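Novice:
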Amino acid sequence: MDETCIYIFKRDRLFIEGNEFTPKDTTKEMDTNDRQTRSRHQYNEQETKLDDVDEIDCDNFIFHYKNRKKLANHKSGGIALGFKKYLDKYIKYIQSDCQFVLWFSIDKKVLDLPKDAIFGIIYIPPINTSYTSEDAFTEIEFELQNFCSKTNYITMLGDFNSRTGNLSDFYNIDKDSSFENNFTDYNELSDVDVLDELGIPRLRNSIDTVVNGYGRKFIDFCKNNRMFILNGRLEENKTGSPTSRNSSVIDYALSSTHFLYNICKLEVLNFCKLFSDVHSPLSLQLYTNNEIKDKLLTETLCCGDERVNKWKNEKCNEYKNNIDRNKVDDICNRLSAYVNDVNNVTKYDMNNIVTDICDTLTESAKATFGTSTFNKTMFKCSKNQFSKDWYNKDCKKAQREFRKSQRLYKHYGSNIFKERLRQSELHYKKVMDGESVTSHKMCTMMLS
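Rendered as structure tokens:
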């Protein structure tokens, strides 16, 4: 072990004597399993603010994401998919090259379909920005066509940054002269009769009547691929509610003709500063197989996860003493060997180092704080079981005020309560951010 060198890990990056160490890329040496478990780092529901060295760690959830940049000081423009762990065998992330869409599939058994359903989460950067792409719709369409050859059940939703007004999203045989001049078969280009069969209006409603350049491209995309816009058509969203804070409609949900039968409802939920700076959430509900639903409920109630108990500051010294020094020495020796043979170090080697560091710290935490197994029923009995250590009385007080403001605004709906809700959102977020940062600083000082 080289005592003269200083090794520092910062956000999963290794710095030796103040210089970042970057091993050569030899990902071909990784086996298939390693590719799958690390796929989210190699490939990039709304815009996320992550880069490739960020990890989302949320109990009982699995995340996949595409990031705009590998490493960035200002993070924006990514896409994320998150779902409960017990759904892992039914939801599969699909790798693709297009940076504007994240694809995943839902098992045909869940939706009682003859084939798996394909979902695409979209984020297209707005017009007149450094990230604007004139080929965004073309790239998405290319990948969409590949899926269309395999299944008829496709849904797309997300931020298209397209303002479409009330333009029709299907070819109209009565108004489009191309059908007369080119003898085009109308049935090959539109399945609009399915809307009539399901009682869904042909004409969309939208409070936003503006049409921009992306909007026209978006409409052509829908027409050419026989995708129907759900906004402004379904019962809960017949008025075409705005999806952003400035009263524009730029977030959409689309469905292929065959998948319309599985659509239950689409809602534009109330804007919340805690979740987005501009966008209102879209809620899309689907009809599912009741047998699978009951099975999932049973699995969720019966299966428990083992977790490390919460951090306790008074056990800080015990935690440090429980760290396996032999494993620490082994890691340091391997790092020293890598320094002396930089050209032969691979990303696979560095990933193993990071994994071993995490495992060493986790084992110490288990020995110090203990572990517990929790299931769904225990969540209901103890709401505070998994609250973070920094989530103190001030955070809970701000949360109560925020929820009270939500109830008042929902009941009365006046501008006074709307402003109260806005202020309580900002206050709640500010309190949580402040307590989280303070707690992390204190923990770092105690461990140093």
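Start counting the sequence shown at 1; every next residue gets the next number (UniProt numbering).
For each residue, glycine too, the CB sits at the ideal point set by N, CA and C.
Fair warning: this is a prediction, and the values are worked out from it, not measured in the lab.
#1: Cα separation between Phe259 and Lys109?
#2: Could you pull the start and end residues of the beta strand (DSSP E) that Gln95 belongs to?
#3: Classify Leu361 as helix, strand or coil using the three-state DSSP reduction.
#4: Nearest CA to the CA of Asn290: which residue from Leu111, Phe100, Asp196 and Tyr93?
#5: Can you grab the Cα-Cα spacing for the pair Phe228 / Asn237, in whole Å?
#6: For the structure I just gave you, are there three or more beta carbon pairs, one from the segment 156–166 and one from the segment 244–262, closer than 8 Å?
#7: Is it the case that the segment 401–419 contacts the segment 362–376, given that we only count it when at least three CB pairs across the two stretches are under 8 Å?
#8: Between which two residues does the alpha helix (DSSP H) containing Leu286 stretch?
#9: Using C-beta distances below 7 Å, list every residue in its chain close to Val192, excluding the 5 sequence neighbours before and after it, in chain order.
#10: If you run the structure through DSSP and keep just helix, strand and coil, what is Gly232?
#11: Which of the three DSSP states is assigned to Phe271 in this structure?
#12: In angstroms with no decimal places, state the Cα-to-Cα distance between Leu113 and Ile263.
#13: For Glu306, collect the residues of the same chain with a Cβ closer than 8 Å to its Cβ; drop the 5 residues on either side in sequence, then sort them by chain order.
#14: Could you compute how far the alpha carbon of Tyr391 sits from the alpha carbon of Thr438?
#15: Just the C-alpha distance for Ser244 and Ala337, rounded to the nearest angstrom, thanks.
#16: Can you name, in chain order, every residue of its own chain whose Cβ lies under 7 Å from the Cβ of residue 479, other than the five neighbours on each side?
#17: Does DSSP put Val308 in a helix, in a strand, or in coil?
#18: Which of the three DSSP states is assigned to Ile331 in this structure?
#19: Round the Cβ separation of Gly215 and Thr164 to the nearest angstrom and send it over; I've been treating them as touching at under 8 Å.
#20: How far does the alpha helix (DSSP H) with Thr138 in it reach, from first residue to last?
#21: Are Lys327 and Asp356 closer than 8 Å when you measure CB to CB?
#22: Using C-beta distances below 8 Å, list every residue in its chain close to Lys315, excluding the 5 sequence neighbours before and after it, in chain order.
#23: Note down, in chain order, each residue of its chain lying with its Cβ closer than 7 Å to the Cβ of Ser424, except the 5 sequence neighbours on either side.
#24: Taking Val101 as part of the beta strand (DSSP E), name the residues at either end of that continuous run.
#25: Quick check on Thr444: does DSSP put it in helix, strand or coil?
#26: Taking only three categories from DSSP, how would you classify Asp433?
#27: Name the residue from Asn313, Asp394 and Glu197 whose alpha carbon lies nearest to the alpha carbon of Thr444.
#28: Can you list, in chain order, the residues of its chain with a C-beta nearer than 7 Å to that of Thr288? Leave out the 5 residues immediately preceding and following it.
#29: Using alpha carbons as the reference points, say which of Asn172, Ala80 and Tyr131 lies closest to residue 449.
#30: Quick one: grab the DSSP three-state call for Tyr65.
#31: Give the DSSP-derived three-state secondary structure of Lys265 in the structure shown.
Specialist: The short version:
#1: Your numbering for residue 259 matches position 259 in the sequence shown. Your numbering for residue 109 matches position 109 in the sequence shown. Rounded to whole angstroms, Phe259 to Lys109 spans 14 Å at the Cα level.
#2: Indexing the sequence shown from 1 puts residue 95 at position 95. First-last for Gln95: undefined, no H or E at that position.
#3: Taking the first residue of the sequence shown as position 1, residue 361 is located at position 361. Of the three classes helix, strand and coil, the one that applies to Leu361 here is helix, per DSSP.
#4: Position 290 of the sequence shown, counting from 1, holds the residue named residue 290. Of the listed residues, the one whose Cα sits closest to Asn290 is Leu111.
#5: Here residue 228 refers to the residue found at position 228 when the sequence shown is read from its first residue. Here residue 237 refers to the residue found at position 237 when the sequence shown is read from its first residue. Approximately 14 Å, taken between the alpha carbons.
#6: The segment 156–166 vs the segment 244–262: in contact.
#7: no
#8: In the sequence shown, the residue the question calls residue 286 occupies position 286. Element bounds for Leu286: not the alpha helix (DSSP H) but the beta strand (DSSP E), Leu282 to Leu286.
#9: On the sequence shown, position 192 is the one that residue 192 refers to. Phe170 and Arg202, listed in sequence order.
#10: Taking the first residue of the sequence shown as position 1, residue 232 is located at position 232. In this structure, Gly232 counts as coil in the three-state DSSP scheme.
#11: Working through the sequence shown from its first residue, we reach residue 271 at position 271. Coil, per DSSP.
#12: As a first step, residue 113 must be located in the sequence shown, where it is residue number 113. As a first step, residue 263 must be located in the sequence shown, where it is residue number 263. Rounded to the nearest angstrom, the two C-alpha atoms are 13 Å apart.
#13: Taking the sequence shown and counting its residues from 1, one reaches residue 306 at position 306. So the list reads Thr371, Ser372 and Thr373, once near-sequence residues are dropped.
#14: Start at 1 with the first residue of the sequence shown, and residue 391 comes out as number 391. Start at 1 with the first residue of the sequence shown, and residue 438 comes out as number 438. So the two alpha carbons sit approximately 11 Å from each other.
#15: Against the sequence shown, residue 244 aligns to sequence position 244. Against the sequence shown, residue 337 aligns to sequence position 337. Using only the alpha carbons, I get a separation of about 54 Å.
#16: The requested residue 479 does not occur in the structure, where the chain is confined to residues 1 to 448.
#17: Reading the sequence shown from its first residue, position 308 is the one you call residue 308. Of the three classes helix, strand and coil, the one that applies to Val308 here is strand, per DSSP.
#18: On the sequence shown, residue 331 is found 331 positions in, with the first residue counted as 1. If DSSP states are grouped into helix, strand and coil, Ile331 belongs with the helices.
#19: By 1-based counting over the sequence shown, the position of residue 215 is 215. By 1-based counting over the sequence shown, the position of residue 164 is 164. The pair is a contact, with the Cβ atoms about 4 Å apart (cut-off 8 Å).
#20: As a first step, residue 138 is located in the sequence shown; it is residue number 138 there, counting from the start. Looking at the DSSP string, the run of the alpha helix (DSSP H) that includes Thr138 is Ala136 to Cys148.
#21: The sequence position of residue 327 within the sequence shown is 327, counting from 1. The sequence position of residue 356 within the sequence shown is 356, counting from 1. Yes. Within cutoff.
#22: Locating residue 315 in the sequence shown gives position 315, where the first residue counts as 1. Answer for Lys315: Thr368 and Phe369, listed in chain order.
#23: The residue you call residue 424 lines up with position 424 of the sequence shown. The residues are Glu401, Phe402 and Ser405.
#24: Your numbering for residue 101 matches position 101 in the sequence shown. Segment Val101 to Ile106, the beta strand (DSSP E) holding Val101.
#25: Taking the sequence shown and counting its residues from 1, the one referred to as residue 444 is at position 444. Under the three-state reduction of DSSP, Thr444 is assigned to helix.
#26: Here residue 433 is taken as the residue at index 433 of the sequence shown, counted from 1. Note: Asp433 maps to helix in three-state DSSP.
#27: Taking the first residue of the sequence shown as 1, we reach residue 444 at position 444. Of the listed residues, the one whose Cα sits closest to Thr444 is Asn313.
#28: In the sequence shown, the residue the question calls residue 288 occupies position 288. So the qualifying residues of the chain are Val110 and Leu111.
#29: Since the first residue shown for the chain is 1 and the last is 448, residue 449 is missing from the structure and cannot be characterised.
#30: Here residue 65 refers to the residue found at position 65 when the sequence shown is read from its first residue. In the structure shown, Tyr65 sits in a strand (DSSP, three-state: E or B).
#31: What you label residue 265 is simply residue 265 of the sequence shown in a count that begins at 1. Strand at Lys265.
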